[in-house]
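Participant: Residue numbers (my numbering), protein chains in the order written: chain Z, 1 to 498; chain S, 499 to 666.
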Amino acid sequence: MYDFKKPSRQSIRGIAILFGFNSYKIIKSLFLLIAGFSYYLIKGEKVFGLSKYQAFSAIAIIFLFILLRSVLEFLNFKFHISGDDFKLSKGILNKEEITVSKSKIQNIYIRQNILQQIINVVQLDIETAGDAKAEVKITALSRNKAKALKDELLLNINSISTEEASNETEQGQHIYYRASIKKLLLEGFSENHIKSFLIIAGFIGGLYSTYEDFIDELKLGDKIEVLITQNESSISALIFIIFGILIVTLTISILFSISKTFLLNYDLQVIEHKKTIEIKKGLFNKVAIILSPSRIQNIEIENNRLKRFFGLNTLRIKQAMVDKKLQKHFSIIGLDQLQVNYLVEKLMQPFSITSKKEKPERYYIRILILTALIPIALFNSIAFFVLENLFWIINFFVIPLLSLMIYWKYKKSYYTLNNNLLVVGGGSISTLTEILEIHKIQAVATKQTVFQKLRNIASVEVYTASKVTKIIYVKESRANEIVNFLLYQVESQRKDWM
Amino acid sequence: MFTNLEIDIDTIPKVESVKLISISKRYLKILFINICIQYVILFGVVILVKTFLREEWVSNVFWYVITVLSLVFVLQCIFSILSFKKRGYALRTQDIIYAKGLLNYKKTTVPFIRIQHLETKQSFIAKKFGLASLHVYTAGESGGDLSISGLTFEEATRINELLTTKIN
Numbered sequence: 001m002y003d004f005k006k007p008s009r010q011s012i013r014g015i016a017i018l019f020g021f022n023s024y025k026i027i028k029s030l031f032l033l034i035a036g037f038s039y040y041l042i043k044g045e046k047v048f049g050l051s052k053y054q055a056f057s058a059i060a061i062i063f064l065f066i067l068l069r070s071v072l073e074f075l076n077f078k079f080h081i082s083g084d085d086f087k088l089s090k091g092i093l094n095k096e097e098i099t100v101s102k103s104k105i106q107n108i109y110i111r112q113n114i115l116q117q118i119i120n121v122v123q124l125d126i127e128t129a130g131d132a133k134a135e136v137k138i139t140a141l142s143r144n145k146a147k148a149l150k151d152e153l154l155l156n157i158n159s160i161s162t163e164e165a166s167n168e169t170e171q172g173q174h175i176y177y178r179a180s181i182k183k184l185l186l187e188g189f190s191e192n193h194i195k196s197f198l199i200i201a202g203f204i205g206g207l208y209s210t211y212e213d214f215i216d217e218l219k220l221g222d223k224i225e226v227l228i229t230q231n232e233s234s235i236s237a238l239i240f241i242i243f244g245i246l247i248v249t250l251t252i253s254i255l256f257s258i259s260k261t262f263l264l265n266y267d268l269q270v271i272e273h274k275k276t277i278e279i280k281k282g283l284f285n286k287v288a289i290i291l292s293p294s295r296i297q298n299i300e301i302e303n304n305r306l307k308r309f310f311g312l313n314t315l316r317i318k319q320a321m322v323d324k325k326l327q328k329h330f331s332i333i334g335l336d337q338l339q340v341n342y343l344v345e346k347l348m349q350p351f352s353i354t355s356k357k358e359k360p361e362r363y364y365i366r367i368l369i370l371t372a373l374i375p376i377a378l379f380n381s382i383a384f385f386v387l388e389n390l391f392w393i394i395n396f397f398v399i400p401l402l403s404l405m406i407y408w409k410y411k412k413s414y415y416t417l418n419n420n421l422l423v424v425g426g427g428s429i430s431t432l433t434e435i436l437e438i439h440k441i442q443a444v445a446t447k448q449t450v451f452q453k454l455r456n457i458a459s460v461e462v463y464t465a466s467k468v469t470k471i472i473y474v475k476e477s478r479a480n481e482i483v484n485f486l487l488y489q490v491e492s493q494r495k496d497w498m
Numbered sequence: 499m500f501t502n503l504e505i506d507i508d509t510i511p512k513v514e515s516v517k518l519i520s521i522s523k524r525y526l527k528i529l530f531i532n533i534c535i536q537y538v539i540l541f542g543v544v545i546l547v548k549t550f551l552r553e554e555w556v557s558n559v560f561w562y563v564i565t566v567l568s569l570v571f572v573l574q575c576i577f578s579i580l581s582f583k584k585r586g587y588a589l590r591t592q593d594i595i596y597a598k599g600l601l602n603y604k605k606t607t608v609p610f611i612r613i614q615h616l617e618t619k620q621s622f623i624a625k626k627f628g629l630a631s632l633h634v635y636t637a638g639e640s641g642g643d644l645s646i647s648g649l650t651f652e653e654a655t656r657i658n659e660l661l662t663t664k665i666n
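#1: Closest by CA to Z/LYS182, which one among Z/LEU155, Z/GLN106, Z/ARG295, Z/PHE310?
#2: Below 8 Å between beta carbons: does that hold for Z/ALA458 and Z/THR469?
#3: Could you give the distance in angstroms between the alpha-carbon of Z/ILE66 and the alpha-carbon of Z/TYR39?
#4: Pick out whichever of Z/LEU32, Z/GLY334, Z/GLY83 has its Cα sitting closest to the Cα of Z/SER209.
#5: Just to confirm before moving on: does the CB-CB distance between Z/PHE79 and Z/PRO7 stay below 8 Å?
#6: Could you pull out every unbroken beta strand (DSSP E) segment of at least 3 residues lying fully inside the region 531-597 of chain S, listed in chain order?
#7: Residues of chain Z with CB under 9 Å from S/ASN513, in chain order?
#8: Helix, strand or coil, according to DSSP, for Z/GLN339 in the structure here?
#9: Would you call the region 518-534 of chain S and the region 482-497 of chain Z touching, i.e. three or more CB-CB distances under 8 Å?
#10: For Z/GLY282, collect the residues of the same chain with a Cβ closer than 7 Å to its Cβ; drop the 5 residues on either side in sequence, then sort them by chain order.
#11: Please check if any C-beta of chain S sits within less than 8 Å of the C-beta of Z/TRP499.
#12: Got a sec: does the ligand PLP put a non-hydrogen atom nearer than 7 Å to the Cβ of Z/ASP85?
#13: Can you tell me whether Z/GLY244 is helix, strand or coil according to DSSP?
#14: Between which two residues does the alpha helix (DSSP H) carrying Z/GLU191 extend?
#15: Can you pull the chain Z neighbours of S/GLY641, defined as C-beta to C-beta under 7 Å?
#16: Less than 8 Å between CB atoms is the rule here; does Z/VAL450 satisfy it with respect to chain S?
#17: Going by other Cβ atoms of all chains shown within 10 Å of its Cβ, with 16 needed for buried, is S/THR606 buried or exposed?
#18: Looking at chain Z, is there any beta carbon in it that lies within less than 8 Å of the beta carbon of S/LYS517?
#19: Report buried or exposed for Z/PHE256, applying the criterion of at least 16 other Cβ atoms within 10 angstroms of its Cβ.
#20: Do you know whose CA, among Z/ALA60, Z/GLU127, Z/SER355, Z/GLY14, lies nearest Z/LYS324's CA?
#21: Assign Z/LYS513 to one of two classes, buried (16 or more other C-beta atoms within 10 Å of its C-beta) or exposed (fewer than that).
#22: Hey, does S/ASP593 have any beta-carbon neighbour from chain Z nearer than 8 Å?
#23: So if DSSP puts S/PRO609 in a beta bridge, which residue, or which two residues, is it bridged to?
#24: According to the neighbour-count rule (16 or more other Cβ atoms, all chains shown, within 10 Å of its Cβ), is S/SER515 buried or exposed?
#25: Taking the alpha helix (DSSP H) that S/ALA630 belongs to, which residues open and close that run?
#26: Distance check for Z/PRO350 and Z/TYR342, CA to CA, integer angstroms please.
#27: Looking at C-alpha atoms only, which residue of Z/SER403, Z/LYS260, Z/LEU436 is the closest neighbour of Z/TYR415?
#28: Check for me: the alpha helix (DSSP H) holding Z/PHE56 runs from which residue to which?
#29: Could you tell me the boundaries of the alpha helix (DSSP H) in which S/GLN620 lies?
#30: Candidates S/LEU661, S/GLY648, S/THR655, S/VAL634: which alpha carbon is nearest Z/ALA443's?
#31: In terms of residue numbering, what span does the beta strand (DSSP E) encompassing Z/ASP125 cover?
#32: Assign Z/VAL474 to one of two classes, buried (16 or more other C-beta atoms within 10 Å of its C-beta) or exposed (fewer than that).
#33: Going by CA-CA distance only, name the one from Z/GLN297, Z/LEU326, Z/ASP336 that's closest to Z/ASN313.
#34: With a cut-off of 8 Å, does the C-beta of Z/GLU434 fall near any C-beta of chain S?
#35: Contact between the region 618-633 of chain S and the region 651-660 of chain S: three or more CB pairs below 8 Å?
#36: Hey, how far is the Cα of S/LEU567 from the Cα of S/VAL556?
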């Protein structure tokens with residue numbers, strides 16, 4: 001249907017995409033200038049000494065220039081397949097030739113952002129081994145052409161990818177799981193809202209520092225000051241205001257969590273192929289990811305008390321050699337316990353904690369208490385400035401809270417080890433379970449501080465290609481035993497890690 | 499025939515009983531030279547500040563700063579001598595072990611079958627002393643890579659060659 005032997009360009013609609021991308025880039029870099037511009041415009045004064053007519057023609061010229069650039073970029077972007085190589089040439093003045101050999105291709109992603117959805121084209125990313133970021137990005141292809149190119153590229157190459165390619169065929173695939181709107185709402189609602197709050201606070205802080213002068217001009221500060229001085233007489237009013245602020249921030253945080261969950265996970269589908277699993281999700285930025293068991297290094301399961309009640313587990317999959325930007329999409333939310341077990345079994349191997357859960361030594365509690373002294377000192381010193389001599393009151397809230405956290409942390413931390421799997425549990429407010437297959441281990445280390453040496457305690461670190469898993473504060477002899485066992489399994493089985 | 503016997507933990511080879519080979523004594527000199535370079539720069543900056551900023555507080559503080567810096571210098575020297583003794587490596591038939599750290603002792607083991615590639619490096623100073631460092635890289639970015647410094651150049655090349663044959 002498509003002949004990839006001859007050099008071809010992107011879909012003609014790609015000009016619009018390039019125009020969008022380029023405009024976005026320019027608008028982003030000139031953000032301050034534009035803010036100032038609109039400020040003058042609203043005030044109705046001359047804009048940077050130009051009349052309105054002149055200013056608008058300047059903008060028009062800038063956009064014309066962007067359009068010209070986009071057209072040239074489009075004309076100079078050509079790709080074709082010759083033999084076993086995919087070749088791409090691009091660049092208007094600085095020409096660039098990229099050659100990717102088919103056998104080096106690790107993964108091919110097809111995705112769509114909101115602009116690409118409107119114009120009805122898809123983006124194709126080709127990822128190669130050895131580099132963390134996708135090397136080739138074709139931003140505008142018709143869906144059929146993208147699929148044909150993907151199939152063509154995955155043809156006759158290494159076993160893993162052909163396996164993936166053949167699984168792509170329609171037969172033998174079915175949707176295993178689809179997240180309902182209700183599940184997404186519940187997921188968003190039961191998020192850790194402190195995190196959302198911090199993100200919002202950071203964002204507002206960032207905005208404030210950028211537009212400090214602008215905000216000063218609005219005299220917001222004066223208005224608040226007036227409001228406070230008016231109510232200063234009654235303490236109850238102050239408490240009322242603080243309470244109100246708390247409610248508002250909590251509501252905003254919850255709304256933020258819910259909309260974030262919605263944006264990222266809208267229409268989440270888990271599609272089961274013969275050997276692989278495909279995840280599709282996203283509202284404005286649609287992604288489709290293929291998970292193949294051979295490349296998976298670690299799996300994490302996360303929930304909290306509230307989420308367990310609703311039957312909501314998050315499954316995070318760590319795959320080797322994946323674009324950092326895409327890594328965050330490697331998660332499935334809203335799964336119940338049975339679905340989690342099924343998927344882990346499909347992606348790794350039967351998972352059930354049959355062997356005994358082993359706990360860290362009590363030394364861990366001591367460490368937790370010592371580290372808790374830092375926030376205690378911090379809160380006390382803040383309280384000293386606000387409440388002055390009554391600062392110790394704050395300890396009535398802080399100490400029980402931290403004690404509860406310490407209790408949870410110790411209670412939730414454990415590890416279990418069998419011939420094939422290492423499972424490590426942890427978390428404080430949320431509960432985290434990390435699973436890894438022993439034959440995928442890259443290296444093992446023991447760690448011990450001088451204080452731990454005195455008590456014969458050590459920690460074990462287990463490295464895979466994706467992350468490090470820690471078994472903390474066990475007896476030194478046990479740590480050595482674990483290391484010896486893991487090394488024995490890796491070295492005697494001699495299985496591939498990918 | 500496929501067998502799957504239970505593993506007796508006691509019969510598995512033990513990492514902890516392997517005798518580590520210490521690295522070349524000459525490496526200690528390199529450590530000292532590096533520390534000296536750092537402190538020459540630090541002292542130099544302090545003295546420059548004193549000569550060019552002729553203000554009262556500078557001369558008041560000057561001797562305190564010099565004393566503290568000298569103390570830290572001596573401490574760091576003692577530290578590097580003590581931690582030098584903790585550095586060591588060992589080769590087994592299936593893996594390579596490297597340990598270091600005085601306050602925080604860390605012993606890492608990388609199986610040969612997981613090594614991606616090897617590198618022997620020589621800095622300018624190390625070349626003068628006939629030393630080199632060997633870097634052992636595994637897959638992924640989670641850490642777990644080894645870099646053994648303070649090997650004699652012959653030792654480094656020999657291990658490099660040995661490991662190269664083991665990998666293939």
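Heads up, the beta-carbon is just placed ideally off N, CA and C, and yes, glycines get one too.
Facilitator: The short version:
#1: Z/PHE310
#2: no
#3: 24 Å
#4: Ranking Z/LEU32, Z/GLY334, Z/GLY83 by Cα distance to Z/SER209 puts Z/LEU32 first.
#5: In this structure, the beta-carbon distance from Z/PHE79 to Z/PRO7 falls below 8 Å.
#6: 586-589
#7: Rather than Asn, the amino acid found at residue 513 of chain S in this sequence is Val. The answer, in chain order, is VAL444, THR446, ASN480, VAL483, ASN484, LEU487.
#8: helix
#9: no
#10: LEU264, TYR266
#11: It is not possible to answer for residue 499 of chain Z, since the shown part of chain Z is limited to 1 through 498.
#12: Looking for the ligand PLP in the displayed structure turns up nothing, as the structure carries no ligands at all.
#13: helix
#14: According to the DSSP assignment, Z/GLU191 belongs to no alpha helix (DSSP H), since it is labelled neither H nor E.
#15: TYR463, VAL468
#16: At least one C-beta of chain S is nearer than 8 Å to the C-beta of Z/VAL450.
#17: buried
#18: no
#19: Counting of Cβ neighbours within 10 angstroms places Z/PHE256 among the buried residues, the total reaching 16 or more.
#20: Z/GLU127
#21: Lying before the first or after the last residue shown, residue 513 of chain Z is absent from chain Z, which here runs from 1 to 498.
#22: Residue contact check for S/ASP593 against chain Z: a CB pair falls below 8 Å.
#23: S/ASP593
#24: Looking at its Cβ environment, which holds fewer than 16 other Cβ atoms inside 10 Å, S/SER515 is exposed.
#25: Per DSSP, S/ALA630 belongs to no alpha helix (DSSP H); it is in the beta strand (DSSP E), 629-636.
#26: The C-alpha of Z/TYR342 lies about 8 Å from the C-alpha of Z/PRO350.
#27: Z/LEU436
#28: 52-75
#29: Run containing S/GLN620: none; DSSP gives neither H nor E here.
#30: S/VAL634
#31: 122-128
#32: buried
#33: Z/ASP336
#34: no
#35: yes
#36: Cα to Cα, S/LEU567 sits roughly 16 Å from S/VAL556.
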